[in-house]
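Here the structure is laid out as structure tokens; the discussion comes afterwards.
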Amino acid sequence: MPAFKIPTFVVLSLVVFASAVGGSYVVFKQQFASSLEERAAAAFAEGNYAAALRYYSELNESTPEDEGVAVAEKAAESKNLLVAEEILKKAQEAAAEGDWFEVKALLQKGDVSLNTSFKEYKQAIELYVEASDKVKELEKKIETELGDLRDEALSEKTKRKEVERQAEETKEELQTTIAKNEKREAELKQEIQVTTAGKAEAEKKAAEERLQKFLNETELYLGMLEKGATKLSEAVDEINKDKDSTALALLNQAKTLFDEVNDRAEELLNNRTEEAHKDEVQKLLQATAIFITSSRNIGTAVFYLDQKTGTEFTTFLKNGIEGKNSGLSIVGSLKSFVVSLR
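Residue numbers (our numbering): 40 to 381.
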């Protein structure tokens with residue numbers, strides 16, 4: 040049986056058909072890619088970076104590797120600008136809360152303030168400039184507060200030197216206290232300089248420093264009261280030895296300490312005491328008043344020294360001793376208060 044032979048015109052027709060179909064596919068693919076690229080570019084131009092990223096990613100998958108560098112770069116840029124949108128949003132939220140340190144830090148990241156193609160570039164730059172100005176204001180305010188601390192420290196030194204002149208016995212204690220304050224102020228300055236976490240942290244540190252300075256000052260005055268009470272006890276011993284001049288000298292030293300504490304405690308109460316601690320400073324003033332009255336009673340007893348068996352001498356000396364002990368009791372409770380807040 041002879042083999043079946045396909046006519047030549049049929050073969051040629053099939054070849055032509057196959058070529059036509061293949062060519063149409065290539066044209067379709069090119070048109071699809073062109074349409075996808077146009078949509079990606081339009082979305083990018085409109086600032087719809089999520090859509091642009093999706094289109095460029097799809098286009099990148101269908102583009103030959105040696106021809107897809109530009110597409111990959113646009114996809115990466117779309118992704119970066121999508122991230123920039125989120126960063127700007129967080130920066131705006133931080134600005135609404137007044138956290139300008141965080142705003143500045145956020146806007147320094149990525150393309151948000153670097154890529155001029157970013158649709159919110161102008162807004163981001165304006166917010167960055169505003170944040171920079173606010174941060175400068177905050178830093179200037181912190182520096183001013185540090186300057187006030189330094190001035191206050193110098194003022195405290197001057198006042199404490201005057202205390203040294205009036206009561207030489209307290210010199211070593213005053214110098215130690217001043218050194219502690221200077222060290223703590225230096226530590227506070229260093230902490231504030233390295234802190235960029237925001238205003239809340241700075242305020243917290245400042246509050247802690249104010250508390251420590253308050254406790255230091257209170258502790259200093261309590262020590263002066265104890266020193267004065269010791270002078271009262273020594274004066275009583277001298278009275279018992281019939282040494283009126285020595286007793287009066289000791290009483291004068293004690294009164295100098297008590298008067299100094301009274302003036303300083305009044306200033307502390309009016310200018311540097313938080314509402315929560317005013318009761319304690321009132322107790323400090325109360326103890327000081329008791330000690331002053333005690334020193335007066337003991338001093339009056341000296342004038343009756345030649346009548347030691349008389350009622351006046353006995354009464355004034357007894358009242359003076361009891362007042363001293365009462366004052367020391369208040370001092371003890373205040374020292375416990377200071378220790379509890381350390």
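Glycine residues also receive a C-beta, built at the ideal position from the N, C-alpha and C atoms. Given the structure is predicted, the values throughout are model-derived calculations rather than measurements.
{"Item": "Quick one: Cα of phenylalanine 342 to Cα of arginine 381, how far?", "Value": "45 Å"}
{"Item": "Does the region 235 to 253 touch the region 355 to 363, meaning 3 or more C-beta pairs lie closer than 8 Å?", "Value": "no"}
{"Item": "My assumption, with CB atoms under 8 Å, is that isoleucine 278 sits in contact with glutamine 325. Please give the rounded CB distance.", "Value": "So it is not a contact: roughly 26 Å between Cβ atoms."}
{"Item": "Extract the residue ranges of the alpha helix (DSSP H) inside the region 131 to 191, only unbroken runs of 4 or more that lie entirely within it.", "Value": "139 to 146"}
{"Item": "So, using beta-carbon positions, are glycine 86 and lysine 161 closer together than 9 Å?", "Value": "no"}
{"Item": "Counting beta carbon pairs with one atom in the region 125 to 144 and one in the region 168 to 179, are three or more of them shorter than 8 Å?", "Value": "yes"}
{"Item": "Have a look at glutamate 240 and lysine 198 and give me their C-alpha separation to the nearest angstrom.", "Value": "31 Å"}
{"Item": "DSSP on asparagine 291, reduced to helix/strand/coil?", "Value": "helix"}
{"Item": "Expressed to the nearest angstrom, what Euclidean distance is found between the alpha-carbon atoms of lysine 280 and asparagine 309?", "Value": "43 Å"}
{"Item": "Mind checking leucine 193: buried by the 16 CB within 10 Å criterion, or exposed?", "Value": "exposed"}
{"Item": "Does the Cβ of threonine 215 have 16 or more other Cβ atoms within 10 Å, making it buried, or fewer, making it exposed?", "Value": "exposed"}
{"Item": "Give me the residue from Lys243, Glu77, Ala114 with the minimum Cα distance to alanine 89.", "Value": "Ala114"}
{"Item": "Enumerate in chain order the residues of its own chain whose CB-to-CB distance from phenylalanine 355 is below 8 Å, with the five nearest sequence positions on each side excluded.", "Value": "Asn336, Ile337, Thr339, Ala340, Tyr343"}
{"Item": "Between Ala79, Leu145, Glu76, which lies nearest to glutamate 382 when the distance is taken from Cα to Cα?", "Value": "What is shown of the chain runs 40 to 381, which leaves residue 382 out entirely."}
{"Item": "Measuring only the C-alpha atoms, how far is lysine 219 from leucine 264?", "Value": "20 Å"}
{"Item": "Taking all protein chains shown into account, decide if alanine 91 is buried (16 or more other Cβ within 10 angstroms of its Cβ) or exposed.", "Value": "buried"}
{"Item": "Quick one: give me the first and last residue of the alpha helix (DSSP H) that glutamate 97 is part of.", "Value": "88 to 100"}
{"Item": "Less than 9 Å between the beta carbons of alanine 225 and glutamate 169, yes or no?", "Value": "no"}
{"Item": "Curious, which full-length beta strand (DSSP E) runs of at least 3 residues does the region 227 to 288 contain?", "Value": "none"}
{"Item": "In chain order, what residues of the same chain lie with their CB nearer than 6 Å to the CB of lysine 238, ignoring the 5 residues before and after it?", "Value": "none"}
{"Item": "Please report the distance separating the alpha-carbon of valine 300 from that of threonine 327.", "Value": "7 Å"}
{"Item": "How many angstroms separate the CA atom of serine 74 from the CA atom of glutamate 112?", "Value": "18 Å"}
{"Item": "Among Gln232, Tyr260, Ala246, which one has its Cα closest to the Cα of glutamate 212?", "Value": "Tyr260"}
{"Item": "Name the residue from His316, Glu116, Leu367, Glu191 whose alpha carbon lies nearest to the alpha carbon of phenylalanine 330.", "Value": "Leu367"}
{"Item": "What does the alpha-carbon distance come out to for the pair glutamate 305 and tyrosine 167?", "Value": "47 Å"}
{"Item": "With 16 as the cutoff for other CB atoms within 10 Å, does glutamine 205 come out buried or exposed?", "Value": "exposed"}
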